[in-house]
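K.L.:
Number of protein chains: 2
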Amino acid sequence: MELNAHFKQTLTKLHDAVNRQLQAALVKKEPVSLYEPMRYTLFAGGKRLRPILLLLTTQAVGGNYRDALNAAVAVELLHNFTLIHDDVMDQDDTRRGQPTVHKKWDVDVAILSGDGLVALSYEYLLKTRYPAIDQLGQLFSRALLEVCEGQALDKDFESKTNVTPAEYFKMIQKKTAALLALCCELGAHIGGADAETIASLREFGLNLGMAFQIQDDLLDIISEEKQLGKTWGSDIKRKKKTLLLIQAKKLAGAANMAQIDAILNKESISTADVTRMKKIFEDTGAVEYSRKLLARHFRRARDCFKPISSESGKALLTNLLETVVIRTN
Amino acid sequence: MELNAHFKQTLTKLHDAVNRQLQAALVKKEPVSLYEPMRYTLFAGGKRLRPILLLLTTQAVGGNYRDALNAAVAVELLHNFTLIHDDVMDQDDTRRGQPTVHKKWDVDVAILSGDGLVALSYEYLLKTRYPAIDQLGQLFSRALLEVCEGQALDKDFESKTNVTPAEYFKMIQKKTAALLALCCELGAHIGGADAETIASLREFGLNLGMAFQIQDDLLDIISEEKQLGKTWGSDIKRKKKTLLLIQAKKLAGAANMAQIDAILNKESISTADVTRMKKIFEDTGAVEYSRKLLARHFRRARDCFKPISSESGKALLTNLLETVVIRTN
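Just so you know, the sequences run in chain order U and H. All residue numbers for the first sequence refer to the numbering used here, where the first residue is 1 and numbers rise by one. All residue numbers for the second sequence refer to the numbering used here, where the first residue is 1001 and numbers rise by one.
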């Protein structure tokens, strides 16, 4: 209980610190068509998971989180760039309950304001005082390229009938986990950790990221619509190749397989279909499998804490990991 | 004549060196949907003006061009990123005689492969061995942001009836000249120039860039279609707010103004309209004005050479400047 209060306080403190820096990063107003959509996206109420993860990592290895604030801002700017461009590619019309940039403005504005966020993100990353700053820049660039590769793989899945679990894991590792691994890596570097600790914390971030995405796939059918903030079963309705679907197809007998195909062959998938698909996911054991995998990544992530000596740092990172795994939206 | 042969030899040498590095930068093949459009754009026969400018600048201040090759590759990658994204926004269907990325593939592929090029460009920039590498990264990021601002201003012009020459200059300074100024700045830094020389060469690049864009506007109506490699008068047909149009509107009497408005109000502008518009640009003095301005930027650019002691370096940069101003495509 006390720990929880301390965690909440820390979250609030870091959240506010990040937001202040982000406000300062976006004082420029002109051209309005470039900067307004950036602000619109950045201040729509994001949880700031990535910058907070970065700052907690810096603290956990004995550093001062203030030294990592510019890098924290950089990863949040980069994350928001991916949101804007991905929403165009995924044709998502709303995010956090408001129209996406390409809906509120247009695709051109979305492309351009996304590009601008990348420029800003590097600007902030390179403000970090760190002896081998080029190394941090390389990590950042590699992660950005991986995110692009992951998104390309995800797009490729749309026209692929059979996606294997291995292909799926490779995709989410790049699309989602690479950026969370980057946060931990940057945070550990800036906090002054040794090479072994940095590698271990990168591994922590990767597992946290995998858990995050698997939980995302699960939430689509398990969470209440009100809590989720988006349509229940929207992945199913959009025929997304989630882990649940991939695994259900792998495990399904003839009857379930026929039902899956029948639903996926429909022009438009109804809420009744979603309910039916959810039952198939449960009956085939796909939900069970995903839950187990989630738990495994959770454990693996926790195992990566070994080199960290700070008990409070470890506790805070564990708390963050828990919020990712038990979150409801 | 001898100098010219030397210039041509140098161009070929640098062009080949840049191409070899670019080939090496793009060995990765998977996912095909990400890397194939990058290669397609990069190896469509670009002139490599920007990397060559960077390398010549390094040599002009007494450096070895090989030390600047990674940065040269970086600016070419960044330039190609702007081509891919700009073609989407400007709805250009062909470039260098072949379909643009969003035409050959689709808009999603264009967004993503452009994003990937930005990541690669930073990766190469940060490979440069330079004591204050963070500074080079800041210059790079500032230029990228300026290019985005310039493109945003250019897009804004589409819905603006009256664009002033001052607004136009601000736009091309950001959209076109900022990247050429960056090339000179990076080249001078890497070549080991002092602060005064760097500032002067940045100014050279800015003027070269302004001249480049004004020449681009002029070529649209002055060049032969065969030489230009694109439709004659395509700016007019697309009602682009070029310097010629802005200045013609500023200088036109009532009769010419009525003609301009009549042409611009047409749903579709014919080749006969282009011929008529070209005559108005000439009669109002807009062509004359643009030519004078071009010559002024040419002279200003040449004046920036003062701090350079290397006569051969100065000669090569002058040759490059001349090719930009007297080019026919």
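A virtual CB, placed ideally from N, CA and C, is assigned to each residue, including glycine. These numbers were taken from a predicted model, which means no experiment stands behind them.
Excluding the 5 residues preceding and the 5 following U:Q215 in the sequence, name in chain order all residues of the same chain whose CB lies nearer than 8 Å to its CB.
P.N.:
Contacts found: L294, V324, V325, R327.
K.L.:
Using a Cβ-Cβ cutoff of 7 Å, what residues of the stretch 1080 to 1106 of chain H are near chain U? List them in chain order.
P.N.:
Per Cβ criterion, the list reads H1085, V1088, M1089.
K.L.:
Along the stretch 148 to 176 of chain U, where does the CB come closer than 7 Å to a CB of chain H? Name the residues.
P.N.:
Those residues of the stretch 148 to 176 of chain U that come within reach of chain H (Cβ to Cβ, closer than 7 Å) are C148, E149, Q151, A152, L153, K155, D156.
K.L.:
When you compare only the Cα positions, how much space is there between U:N319 and H:C1304?
P.N.:
Their Cα atoms are separated by approximately 59 Å.
K.L.:
Starting from H:K1029, trace the alpha helix (DSSP H) in both directions and tell me its first and last residue.
P.N.:
Where H:K1029 is concerned, there is no enclosing alpha helix (DSSP H), given that its DSSP letter is neither H nor E.
K.L.:
Pull up the distance between the alpha-carbon of H:N1256 and that of H:L1219, whole angstroms please.
P.N.:
Cα-Cα distance, rounded: 22 Å.
K.L.:
If we count Cβ pairs, one from each stretch, closer than 8 Å, do we get three or more for the stretch 262 to 274 of chain U versus the stretch 190 to 197 of chain U?
P.N.:
Not touching, per the Cβ criterion.
K.L.:
Would a check of beta-carbon distances place H:Q1215 closer than 8 Å to chain U?
P.N.:
So, not an interface residue.
K.L.:
For U:D108, go through chain H and note every residue whose CB falls closer than 8 Å to its CB, in chain order.
P.N.:
Correct list: V1088, M1089, K1155.
K.L.:
What is the rounded straight-line gap between the Cα of U:I198 and the Cα of H:L1245?
P.N.:
So the two alpha carbons sit approximately 58 Å from each other.
K.L.:
Can you check whether the C-beta of H:L1078 is within less than 8 Å of a C-beta belonging to chain U?
P.N.:
Not closer than 8 Å to any Cβ of chain U, the Cβ of H:L1078 fails to qualify, so no.
K.L.:
Would you tell me roughly how many angstroms separate the C-alpha atoms of H:K1160 and U:T94, rounded to the nearest one?
P.N.:
So the two alpha carbons sit approximately 29 Å from each other.
K.L.:
Taking Cβ positions only, does U:Q138 come closer than 8 Å to chain B?
P.N.:
The structure shown has no chain B; the protein chains it does contain are U and H.
K.L.:
Tell me whether H:T1161 sits in a helix, a strand or coil according to DSSP, three-state version.
P.N.:
DSSP places H:T1161 in coil when its eight states are reduced to three.
K.L.:
Can you give the Cα-Cα distance for U:M1 and H:Q1091, rounded to whole angstroms?
P.N.:
Because U:M1 carries a pLDDT of 43, less than 50, the predicted location of this residue cannot be relied on, and no value is offered for it.
K.L.:
For H:Y1065, which residues of its own chain have a beta-carbon under 6 Å away from its beta-carbon, when the five flanking residues on both sides are left out?
P.N.:
Around H:Y1065: L1055, T1058, Q1059.
K.L.:
Looking at the unbroken alpha helix (DSSP H) that takes in U:G187, where does it start and where does it end?
P.N.:
Segment 178 to 190, the alpha helix (DSSP H) holding U:G187.
K.L.:
Looking at the secondary structure, which residues open and close the alpha helix (DSSP H) in which H:N1064 lies?
P.N.:
Careful: H:N1064 lies outside any alpha helix (DSSP H) and carries neither H nor E.
K.L.:
Once the 5 residues before and after H:L1251 are set aside, which same chain residues still bring their CB inside 7 Å of it?
P.N.:
Only T1284, G1285, A1286 meet the Cβ criterion.
K.L.:
I want to verify the contact list: residues of chain H whose CB lies under 7 Å from the CB of U:A119, in sequence order.
P.N.:
Going along chain H in sequence order, the residues near U:A119 (Cβ under 7 Å) are S1141, L1144, L1145, C1148.
K.L.:
Quick check: what's the CA-CA separation for H:K963 versus H:L1243?
P.N.:
Coverage of chain H is limited to positions 1001 through 1329, which leaves residue 963 of chain H absent and any answer about it impossible.
K.L.:
What first and last residue would you give for the alpha helix (DSSP H) that runs through H:G1205?
P.N.:
Unbroken alpha helix (DSSP H) run through H:G1205: 1195 to 1222.
K.L.:
Given a cut-off of 8 Å on the beta-carbon distance, is the pair H:N1080 and H:L1139 in contact?
P.N.:
In this structure, H:L1139 does not lie closer than 8 Å to H:N1080 by Cβ.
K.L.:
Closer than 8 Å, CB to CB, is H:G1209 near chain U or not?
P.N.:
Not an interface residue.
K.L.:
From the DSSP output, read off the bridge partner residues of U:P99.
P.N.:
Partner(s): U:T94.
K.L.:
With a threshold of 7 Å on Cβ separation, who are the neighbours of H:A1181 within its own chain once the five nearest residues in sequence on each side are excluded?
P.N.:
Taken in chain order, the residues that qualify are R1202, G1205, L1206, G1209.
K.L.:
I'd like the list of long-range same chain contacts for H:R1039, defined as Cβ closer than 8 Å, with 5 residues on each side in sequence excluded.
P.N.:
The answer, listed in chain order, is L1026.
K.L.:
Taking a Cβ distance cut-off of 7 Å, strictly less, list which residues of the stretch 1177 to 1200 of chain H are near chain U, in chain order.
P.N.:
Of all residues in the stretch 1177 to 1200 of chain H, none has a Cβ within less than 7 Å of some Cβ in chain U.
K.L.:
Ignore the nearest five residues each way along the sequence and tell me which others in U:H297's own chain have a CB closer than 6 Å to its CB.
P.N.:
Taken in chain order, the residues that qualify are N207, M210, A211.
K.L.:
Short check: CB of U:D87 to CB of U:V107, under 8 Å?
P.N.:
Cβ atoms of U:D87 and U:V107: not closer than 8 Å.
K.L.:
For H:E1158 and U:E158, what's the separation of their Cα atoms in angstroms?
P.N.:
Roughly 35 Å separates the two Cα atoms.
K.L.:
If we define contact as Cβ-Cβ less than 8 Å, is H:S1033 a contact residue for chain U?
P.N.:
It does; some Cβ of chain U falls within 8 Å.
K.L.:
Cβ closer than 7 Å: which chain H residues qualify as neighbours of U:Y122?
P.N.:
Per Cβ cutoff of 7 Å: Y1122, G1137, S1141.
K.L.:
Residues in the same chain with beta-carbon distance under 8 Å from H:P1165, minus the five sequence neighbours each way, listed in chain order, please.
P.N.:
Result list for H:P1165: L1243, I1246, Q1247, K1250, in chain order.
K.L.:
Can you give me the C-alpha to C-alpha distance between H:S1268 and U:K127, rounded to a whole angstrom?
P.N.:
Near 50 Å, if we compare the C-alpha coordinates of U:K127 and H:S1268.
K.L.:
Whole angstroms are fine: how far does the CA of H:L1144 sit from the CA of H:L1153?
P.N.:
In a straight line, the C-alpha of H:L1153 is about 14 Å away from that of H:L1144.
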